[in-house]
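**Q** Residue numbers (the numbering used here), protein chains in the order written: chain A, 1 to 313; chain B, 314 to 626.
For glycine and all other residues, C-beta sits at the position ideal for the given N, C-alpha and C.
Since this is a predicted model, take the numbers as computed values, not measurements.
Set out below in structure tokens:
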């Protein structure tokens, strides 16, 4: 297999200005794998409970996502999160978190998962991320994390950063992790925490930035009139980014730049409907059309300025 | 003359984490004209008091900025603003504002100013902006405004928008003006307030966006490790944008996109030192090097995704 992700598979309850849903298929590994499945073969390492039905399995099946490493715990229920978005749609307010079977989640990667060419450590306990990474033979490993782990166990987060190639986090997390308000300085500090080949900073409606060695690449977000449900946008971005990289023979700067675009493309679709609904029904012409839109909206001609009229200089 | 700006010429007092200055040359028209002077011939319409010395005039002179339309009021003092920036450098906290001679400022454009090809209405009372615009024969007119006018006299701001070709404001002002949290929806609403050819949204450390008809263009900001003094960055952006447009025969989409880059280039230099210090000493190789850096940091190859391995789709 080409790409393995370890992370949460969950049910989400949502309240937004656009409506309410009681039980949507969600979780970081779900959003990630669905997005990545358009570009490569994906395997998920996770855990679900006895409330996970054929309807949910069918979503994975439809996208040929390998679920052999998703453990089913018959005695418990699937991780459940309920949240609310207000008018500005920028911040998720947590109403309820029930870890359920996820509380004692102990990833058990199969041989096939261990031999995956790429590995993504979605947001779980940093020590578990490290364990999975250490069992893997992957050529390129990326990780996410979150404010909760950074404030409660920063050392453990840094230990995991030391064993990966790429960190994919949002700007607030980057500033918190580096304890540095300047994003550029924060990025340089994070790059030095380990032996990172790349650092991806997600900036929501402002786009995303890629730091690689001495290079810098930045893109705006796709200009959506309405954000319907931002849940999973970050994981969908990471899925597009890692999935595209898995489809490429060489994981170099040029491939990573295109991967940033494909990540942004997938995330822009994700927020257009509730949960996984929009990405579930995507097709390649839609993906490529939006990729072209990114090129169109960032293109300018490189013409250096020359003062032909020298009367006042 | 090619470009005329009407707006404030001022002294600024500044406190930042990087130091303190008692009296710096500042004001919107100052930052704008200095920036624009690298690209075209500029005229300033403004007013100063008896405390304006040869040192200040020399800054304009050095950059061949025409100051014939800057009125000198011998009985008063120049507009003075004192502000403070805290650690994050994002928000200016006003400590003191002394309007002085600016309080009764009544722009008196000369014939030369009226016949300028481009006109920029920097942030002054909207009715004064409108008066200057109505006396002008300019082919392309742009305006700025601010939260204070939008909240206290929105109708007057809209009346001015109706007589210009381009609005250049920051994202918070755009949201406030349109009473709409979605920036894209806000932009569409503002475009319809008048007969705008273009709307430029300045997003500070996140870059800038250009709306023109059905087109959208967005760029990240130059990745600076430290912002030394953000005062005047928006006016410096506008000066680069309008100055570059004035240097071009045709003010079309392609020229406006490059103007967005030159505006960003100039703004990125402006914040590197106090007040006008950095832009005052700029040269063309520096400007063009940073223009090239913008191309480098936004470039990616346009390669649509094709699934060559169809084993799982």
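Any chance you could list the beta strand (DSSP E) runs of at least 3 consecutive residues sitting entirely within the region 466-514 of chain B, in chain order?
**A** Whole beta strand (DSSP E) segments, 3+ residues: 479-483.
**Q** Go ahead and label residue 155 (chain A) buried or exposed: buried means 16 or more other beta carbons lie within 10 angstroms of its beta carbon, across all protein chains shown.
**A** Flag for residue 155 (chain A) reads exposed.
**Q** Taking contact to mean 3 or more Cβ pairs, one atom from each stretch, closer than 8 Å, check whether the region 387-399 of chain B and the region 586-602 of chain B are in contact.
**A** Result no; under three Cβ-Cβ pairs closer than 8 Å.
**Q** Below 6 Å CB to CB, which residues in the same chain sit around residue 407 (chain B) once its five sequence neighbours on both sides are set aside?
**A** For residue 407 (chain B), where only same-chain residues beyond five positions count, the Cβ hits under 6 Å are 396.
**Q** Taking the C-alpha atoms as reference points, what is the distance between residue 450 (chain B) and residue 429 (chain B)?
**A** About 7 Å.
**Q** Three Cβ pairs or more, each shorter than 8 Å: is that satisfied between the region 63-71 of chain A and the region 101-113 of chain A?
**A** Touching, yes, given that three or more Cβ pairs across the two stretches are closer than 8 Å.
**Q** Below 8 Å, how does it come out for the region 348-366 of chain B and the region 327-334 of chain B: are there three or more Cβ pairs, yes or no?
**A** No: fewer than three Cβ pairs fall under 8 Å.
**Q** In its own chain, which residues sit with a C-beta less than 8 Å from the C-beta of residue 73 (chain A), not counting the 5 before and 5 after it?
**A** Answer for residue 73 (chain A): 47, 48, 49, 50 and 101, listed in chain order.
**Q** Considering just the uninterrupted stretch of the beta strand (DSSP E) at residue 398 (chain B), what are its terminal residues?
**A** Residue 398 (chain B) -> beta strand (DSSP E) spans 393-398.
**Q** Tell me whether residue 403 (chain B) is buried or exposed, calling it buried when 16 or more other Cβ atoms sit within 10 Å of its Cβ.
**A** Result: exposed.
**Q** Would you mind listing the beta strand (DSSP E) stretches within the region 318-347 of chain B that are 3+ residues and don't spill past its ends, in chain order?
**A** Segments of the beta strand (DSSP E) lying fully in the region 318-347 of chain B: 323-329 and 332-339.
**Q** Under 7 Å Cβ-Cβ, which residues of chain B neighbour residue 297 (chain A)?
**A** Residues of chain B passing the Cβ test: 529, 530 and 531.
**Q** Out of curiosity, what's the CA-to-CA distance linking residue 274 (chain A) and residue 165 (chain A)?
**A** Computed Cα separation, rounded: 32 Å.
**Q** Residue 311 (chain A) by DSSP, collapsed to three states: which one?
**A** Note that residue 311 (chain A) has pLDDT 44, beneath the 50 cutoff, so the model's placement of it is unreliable and the number below is only indicative. Of the three classes helix, strand and coil, the one that applies to residue 311 (chain A) here is coil, per DSSP.
**Q** Using only alpha-carbon positions, find the residue among A:118, A:148 and A:293 that is nearest to residue 249 (chain A).
**A** Nearest of A:118, A:148 and A:293 to residue 249 (chain A), Cα basis: A:118.
**Q** Step through the CB atoms of chain A and report whether any lies within less than 8 Å of the CB of residue 326 (chain B).
**A** No, residue 326 (chain B) does not count as interfacial toward chain A.
**Q** In whole angstroms, what is the alpha-carbon distance linking residue 241 (chain A) and residue 260 (chain A)?
**A** Taking the straight line joining both Cα atoms gives about 6 Å.
**Q** If you run the structure through DSSP and keep just helix, strand and coil, what is residue 407 (chain B)?
**A** Residue 407 (chain B): strand per DSSP, three-state reduction.
**Q** What are the complete beta strand (DSSP E) segments, minimum 3 residues, inside the region 437-470 of chain B?
**A** Within the region 437-470 of chain B, the complete beta strand (DSSP E) runs of at least 3 residues are 453-456.
**Q** Output the distance between the C-alpha atoms of residue 612 (chain B) and residue 33 (chain A), rounded to the nearest integer angstrom.
**A** If you take the alpha carbons of residue 612 (chain B) and residue 33 (chain A), they lie about 28 Å apart.
**Q** Return the residue from the list A:303, A:268 and A:210 that minimises the CA-CA distance to residue 567 (chain B).
**A** That would be A:303, whose Cα lies nearest to the Cα of residue 567 (chain B).
**Q** Within the same chain, show all residues whose beta-carbon is closer than 8 Å to that of residue 134 (chain A), passing over the 5 residues directly before and after it, in chain order.
**A** Once the five neighbours on either side are set aside, the close Cβ partners of residue 134 (chain A) are 163.
**Q** What residues in the region 241-273 of chain A bring their beta carbon closer than 8 Å to a beta carbon of chain B?
**A** Answer in chain order: 244, 247, 254, 257, 258, 260, 261 and 262.
**Q** Is residue 221 (chain A) helix, strand or coil by DSSP?
**A** Coil at residue 221 (chain A), not helix or strand.
**Q** Identify, in the order they occur along the chain, each residue of the same chain with its Cβ nearer than 7 Å to the Cβ of residue 609 (chain B), setting aside the five sequence neighbours on each side.
**A** Result list for residue 609 (chain B): empty, nothing under 7 Å.
**Q** So within the region 206-273 of chain A, which uninterrupted beta strand (DSSP E) runs reach at least 3 residues, ignoring any that extend past its ends?
**A** As far as the region 206-273 of chain A is concerned, its whole beta strand (DSSP E) runs of at least 3 residues are 208-212 and 215-219.
**Q** Could you tell me the distance, in whole angstroms, from the CA atom of residue 532 (chain B) to the CA atom of residue 221 (chain A)?
**A** Going from the Cα of residue 532 (chain B) to the Cα of residue 221 (chain A) covers about 10 Å.
**Q** Could you tell me which chain B residues have their CB closer than 8 Å to the CB of residue 303 (chain A), listed as they occur along the chain?
**A** Under the 8 Å cutoff, chain B gives 571.
**Q** Output yes or no for whether 8 Å exceeds the beta carbon distance between residue 481 (chain B) and residue 551 (chain B).
**A** Going by C-beta atoms, residue 481 (chain B) is nearer than 8 Å to residue 551 (chain B).
**Q** Within 10 angstroms of the Cβ of residue 315 (chain B), are there 16 or more other Cβ atoms? Answer buried if so, exposed if not.
**A** Under this definition residue 315 (chain B) is a buried residue.
**Q** Against residue 203 (chain A), what residues of chain B qualify as contacts under a CB-to-CB distance less than 8 Å, listed in chain order?
**A** Result: 519.
**Q** Are there 16 or more other CB atoms within 10 angstroms of the CB of residue 104 (chain A), so buried, or fewer, so exposed?
**A** Per the 10 Å Cβ criterion, exposed.
**Q** Would you tell me roughly how many angstroms separate the C-alpha atoms of residue 180 (chain A) and residue 131 (chain A), rounded to the nearest one?
**A** Cα to Cα, the separation comes out at about 29 Å.
**Q** Does residue 88 (chain A) come within less than 8 Å of chain B when only Cβ atoms are used?
**A** Yes, residue 88 (chain A) lies at the interface with chain B (some Cβ there is under 8 Å from its Cβ).
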